[in-house]
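S.K.: Using the numbering used here, read the sequence shown as starting at 119 and increasing by one per residue. Ideal placement from N, C-alpha and C gives every residue a C-beta, glycine not left out. On a predicted model such as this, the values are computed, not experimentally measured, just so you know. Before we start, here is the structure in question, set down as structure tokens.
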Amino acid sequence: MDIAPALPEPDRVSAANDRIRLRYAIAGSLILAAGIWVVWLAGWLLGWPPGDFGVVPRQAEGLIGIALAPLAHGSFEHLMSNTLPLGLLTCLALYAYPLATRWALPAIWLLSGLGVWLFGRDSSHIGASGLTHGLMFFLFVIGLLRRDKLAVAISLVVFFLYGGMLMTILPREAHVSFESHMAGAVVGILAAIALRRRDPEPPRKRYSWEDEGEPPAQDEELELPRPADVPVLWRRSAVPGGAQIIAFPTARASRPTRDEEPAE
119 MDIAPALPEP DRVSAANDRI RLRYAIAGSL ILAAGIWVVW LAGWLLGWPP GDFGVVPRQA
179 EGLIGIALAP LAHGSFEHLM SNTLPLGLLT CLALYAYPLA TRWALPAIWL LSGLGVWLFG
239 RDSSHIGASG LTHGLMFFLF VIGLLRRDKL AVAISLVVFF LYGGMLMTIL PREAHVSFES
299 HMAGAVVGIL AAIALRRRDP EPPRKRYSWE DEGEPPAQDE ELELPRPADV PVLWRRSAVP
359 GGAQIIAFPT ARASRPTRDE EPAE
């Protein structure tokens with residue numbers, strides 16, 4: 119059986135736009151990661167205590183940490199643990215949902231810090247882990263809501279790589295700010311729900327068989343016809359009394375044998 123070939127892939131304009139969007143996503147993620155590194159290096163060289171830039175819950179001086187806490191890290195190991203997931207998640211978000219991410223990224227940055235300031239423990243909360251958790255939950259949930267091929271693929275990749283973040287939103291270690299993780303996750307989920315239709319769906323590959331007409335509806339195909347619509351293939355002859363007579367053909371007259379010949 120011959121199978122009709124698929125129609126051509128998206129044109130050169132779509133491919134060029136896709137490359138531009140990829141470069142934009144890589145550049146945006148690199149700029150964000152570089153900014154965090156520059157701030158950490160400046161604080162390390164100048165001797166700035168990172169706790170001064172953190173979120174201190176319910177304290178007026180701690181409000182500055184809502185904007186600066188994601189840039190402050192307590193150690194080089196802390197910085198390294200946040201750099202790779204932040205860069206990768208930001209790149210995926212900017213590539214798949216450039217319009218939605220322009221709103222989701224600052225919302226996660228600021229609102230997660232505000233949540234920590236309102237409900238966090240009395241300590242200085244620093245680091246970009248709230249931002250990474252927010253982006254992870256944003257990408258995972260928006261992929262489940264949109265359900266196009268690109269969104270589902272990114273959602274599965276994000277869950278495969280960073281699905282362990284589901285456990286870190288609960289208190290586990292005393293020196294880890296689970297409040298930042300939880301606040302980022304909540305804001306990321308809300309941003310995914312609110313911004314799921316912000317970006318248009320990617321172009322879908324169309325096959326030639328889709329243009330051959332609509333198939334019959336399932337109900338019409340399986341519904342039995344009415345008795346009046348069924349053609350009559352044979353008819354019974356009416357016989358009085360209800361008896362049935364089968365007529366046999368008349369046998370041919372056979373020649374009489376010698377024994378049966380008449381006597382003279």
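#1: Note down, one range per segment and in chain order, each alpha helix (DSSP H) of at least 4 residues found wholly within the region 198 to 270.
#2: Answer with buried or exposed for Ser132, where buried requires no fewer than 16 other C-beta atoms within 10 angstroms of its C-beta.
#3: On the DSSP letters alone, give me the boundaries of the alpha helix (DSSP H) that Leu288 sits inside.
#4: Please state the DSSP three-state secondary structure of Val348.
#5: What is the DSSP secondary structure of Val173, counted as helix, strand or coil?
#6: Applying the 10 Å Cβ sphere with the 16-neighbour rule, what's the burial state of Ser147?
#7: By DSSP, does Ser298 sit in helix, in strand, or in coil?
#8: How do the region 256 to 272 and the region 286 to 297 stand: do at least 3 beta-carbon pairs fall below 8 Å, yes or no?
#9: Looking at the unbroken alpha helix (DSSP H) that takes in Ile149, where does it start and where does it end?
#10: Cutting at 6 Å between CB atoms, please list the residues of its own chain near Thr208, excluding the five before and the five after it.
#11: Rounded to the nearest angstrom, what separates Ala143 and Phe255 at their Cα positions?
#12: Restricting to Cα atoms, I'd like to know which of Ile272, Gly205, Ala303 is closest to Met285.
M.R.: Checking against the coordinates, here is how it stands:
#1: 216 to 237, 247 to 264
#2: exposed
#3: Where Leu288 is concerned, there is no enclosing alpha helix (DSSP H), given that its DSSP letter is neither H nor E.
#4: coil
#5: strand
#6: buried
#7: helix
#8: no
#9: 130 to 164
#10: Ser147, Leu150
#11: 18 Å
#12: Ala303
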